[in-house]
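So the structure is just underneath, and the comments pick up after that.
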Amino acid sequence: MTADINLFSPYQLGNLELPNRIIMAPLTRNRAEQGNVPHQLNATYYAQRASAGLIIAEATQVTPQGQGYPYTPGIHSPEQVAGWKLVTDTVRQQGGRIFLQLWHVGRISHPDLQPNGELPVAPSAIAPQGEASTYEGHKPFVTPRALETSEILGIVEKYRQGAANALAAGFDGVEIHAANGYLIDQFLRDGTNQRTDKYGGSIENRARFLLEVTEAVTDVWGAERVGVRLSPSGTFNDMRDSNPLETFGYAAQALNQFDLAYLHIFEATDADIRYGGMIVPTSHLRDRFTGTLIVNGGYTREKGNAVLANKAADLVAFGTLFISNPDLPRRLAVNAPLNPPDQTTFYGGGEKGYTDYPFWSAAS
Ligand code: 8OZ
């Protein structure tokens with residue numbers, strides 16, 4: 004009789020050894036410096052969390068056009084590569100492993116954030132409901148400009164260059180952000196993709212951009228250091244699809260051709276359930292994707308151990324709990340109390356609510 008797999012069991016991720024199955028989810032924190040450059044404060048934050056089985060660093064734009072929020076880091080300039088090198092060196096000194104999440108927001112932006120004040124780009128000229136976050140506060144979303152077919156390979160090349168820059172910056176791998184209503188997700192779902200060229204219409208066509216980006220990024224890294232994140236039930240950023248079971252079932256199956264490091268699922272939130280959209284059970288993707296599966300969405304110690312013991316997933320990502328508990332694996336291991344997260348300091352600011360959450364000490 005072997006013991007159940009749990010959060011504290013090691014995991015072999017390709018040729019990378021993870022000491023536990025507790026993954027730090029990518030978390031937008033809006034704390035890059037001028038020029039969207041990572042700096043010492045970010046290095047300290049990630050190094051504090053180096054005991055994660057794997058850190059997936061925050062969504063990072065591969066091109067200035069891919070930015071949609073203030074103070075998010077990029078991976079397109081030499082200064083950004085140098086800033087990220089400081090982060091990866093500091094994490095490695097603490098014994099950690101760190102991937103970078105590659106991002107293009109598509110329509111979830113605003114002319115205020117775009118080069119030369121241009122319109123954000125998207126598969127189709129459909130404005131999201133809601134408001135963009137700009138340096139001057141919230142402003143209504145604008146109708147994006149639909150990409151010309153001839154422009155799309157240029158964006159694929161931005162992901163390729165971002166992947167190469169991440170390699171130069173000393174990351175252990177990269178995650179392609181294909182979730183949460185950003186550019187790749189906008190191509191995947193028919194609520195945002197009404198194209199009539201080879202990137203729209205059938206699910207094969209809507210998945211083409213995802214697969215081209217994955218091909219480019221795996222060319223740079225080798226597939227075993229590349230993951231993909233999907234949010235099949237997500238309604239965030241005004242997303243919808245007429246048949247998410249088919250859309251995301253196809254995407255998961257099509258990704259099998261690469262032998263990726265992992266597929267990472269951002270599962271349905273309470274807001275998605277309240278919205279009343281169709282929920283795609285994670286088992287639908289587990290049944291179709293043949294590689295490592297990471298799940299993320301409100302896990303606790305008990306729920307995380309259960310999902311691993313049941314083999315419903317291989318790894319569990321924690322977001323909010325890693326914001327407020329730099330030493331989350333140790334706290335979960337000894338069942339220590341958890342620091343409560345302060346929502347008001349999630350996005351933007353400095354050390355407060357970022358690098359000042361206390362580590363647990365048995366004496367306190
Ligand atoms: C919250 C605020 C801003 C961005 C995502 C990158 O949802 C994000 C994000 C989350 O993937």
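Position 194 of the sequence shown, counted from 1, bears residue number 197 in my numbering, the numbering being contiguous throughout. Idealized CB from N, CA, C, for every residue including glycine.
- Distances from the CA of residue 118 to each of 140, 126, 67 were compared; the closest alpha carbon is that of 67.
- Unbroken alpha helix (DSSP H) runs of no fewer than 4 residues, entirely contained in the region 267-328, are found at 273-278, 285-289, 304-312, 323-327, following chain order.
- Between the region 57-74 and the region 148-165 there are three or more C-beta pairs closer than 8 Å, enough to call the two in contact.
- Distance from the Cα of residue 325 is smallest, within the candidate group 217, 343, 172, for 343.
- By the C-beta density criterion, residue 199 is exposed, having fewer than 16 other C-beta atoms within 10 angstroms.
- With fewer than 16 other CB atoms across the displayed protein chains lying within 10 angstroms of its CB, residue 277 is exposed.
- Near the ligand 8OZ, meaning a beta-carbon closer than 5 Å to one of its heavy atoms, we find 31, 62, 183.
- Take the alpha-carbon of residue 244 and the one of residue 274: they are about 16 Å apart.
- Non-local C-beta neighbours of residue 239 in its own chain, meaning closer than 7 Å and more than five positions away in sequence, comprise 183, 184, ordered along the chain.
- Our two residues, residue 328 and residue 335, have alpha carbons roughly 10 Å apart in a direct line.
- The residues 268, 270, 296, 298, 315, 316, in chain order, have a CB closer than 8 Å to that of residue 285 in the same chain once the five nearest residues on each side in sequence are set aside.
- Taking 8 Å as the cut-off, the Cβ atoms of residue 13 and residue 19 do not count as close.
- Here the alpha carbon of residue 133 sits roughly 49 Å from the alpha carbon of residue 6.
- Look at residue 184 here: in three-state DSSP terms it is coil, with no helix or strand label.
- Within 10 angstroms of the beta-carbon of residue 361 lie fewer than 16 other beta-carbons, which makes it exposed.
- Within the DSSP secondary-structure output, residue 106 pairs in a beta bridge with 64.
- For secondary structure counted as the alpha helix (DSSP H) over 4 or more consecutive residues, the region 151-200 holds these complete runs in sequence order: 152-171, 186-191.
- In its chain, beyond the 5 residues on either side, 127 have a beta carbon closer than 6 Å to the beta carbon of residue 197.
- Taking 8 Å as the cut-off, the beta carbon of residue 53 is found no closer than this to the beta carbon of residue 109.
- Taking the C-beta atoms as reference points, residue 76 is found nearer than 8 Å to residue 35.
- With a threshold of 16 other beta carbon atoms within 10 Å, residue 138 falls short and is exposed.
- Excluding residues up to 5 positions away in sequence, 40, 41, 42 lie with their Cβ nearer than 6 Å to the Cβ of residue 86 in the same chain.
- Spatial neighbours of residue 263 in its own chain (CB-CB distance under 7 Å, excluding positions within 5 residues in sequence) are listed in chain order as 226, 229, 230, 231, 294.
- Straight across, the Cα-Cα distance linking residue 144 with residue 135 is about 5 Å.
- When 322, 333, 338 are compared, the shortest CA-CA separation from residue 345 is found for 322.
- Here DSSP, grouped into helix, strand and coil, assigns residue 93 to helix.
- The alpha carbon of residue 101 has as its nearest neighbour, out of 124, 169, 287, 107, the alpha carbon of 169.
- Looking at the DSSP output, residue 149 sits in a beta bridge with 125.
- Put simply, the backbone Cα of residue 300 is about 8 Å away from that of residue 320.
- Under the three-state reduction of DSSP output, residue 354 falls in the coil class, being neither helix nor strand.
- Our two residues, residue 332 and residue 311, have alpha carbons roughly 15 Å apart in a direct line.
- Residue environment analysis places residue 340 among the exposed positions, since fewer than 16 neighbouring C-beta atoms fall within 10 angstroms of its C-beta.
- Per DSSP, residue 40 lies in no beta strand (DSSP E) segment and is marked neither H nor E.
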